[in-house]
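Beneath this line is the structure, given in structure tokens, with notes to follow.
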């Protein structure tokens with residue numbers, strides 16, 4: 003079967019010198035989501051546990067199901083990007099992450115020494 007469960011549908015927009023990733027995470031809250039940056043790779047992990055209990059009329063537990071959902075996806079953003087450059091927000095099951103493009107970062111990094 004196709005592993006639709008493990009995918010995060012993502013739209014990537016570019017505006018000026020920024021990239022915006024809109025990642026669909028229906029059923030997840032921002033507390034379920036972790037965003038990490040390592041060696042120029044941005045990784046988003048979403049994990050949550052849902053419990054479903056069934057009890058009989060006397061309140062005895064008949065069945066307890068635990069479903070753990072976990073999604074993970076990575077994007078290469080370039081080695082110039084620092085974690086402080088990345089902003090993220092989540093509304094209505096959509097995680098939006100903004101990342102500056104690497105060209106902009108390189109322009110910013112060039113510093114000239116003033117001659118006194």
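Numbering (our numbering), first residue to last: 3 to 118. For each residue, glycine too, the CB sits at the ideal point set by N, CA and C. For clarity, every value in this text was computed on a predicted model and none was experimentally measured.
What does a CB cutoff of less than 6 Å around residue 43 pick up in its chain, not counting 5 residues either side in sequence?
76 and 78
Using DSSP bridges, identify the partner residues of residue 46.
37 and 75
Going by DSSP in three states, residue 87 sits in which element: helix, strand or coil?
helix
Whose C-alpha, out of 104, 80, 92 and 23, is nearest the C-alpha of residue 41?
80
According to DSSP, simplified to helix, strand and coil, what is residue 105?
helix
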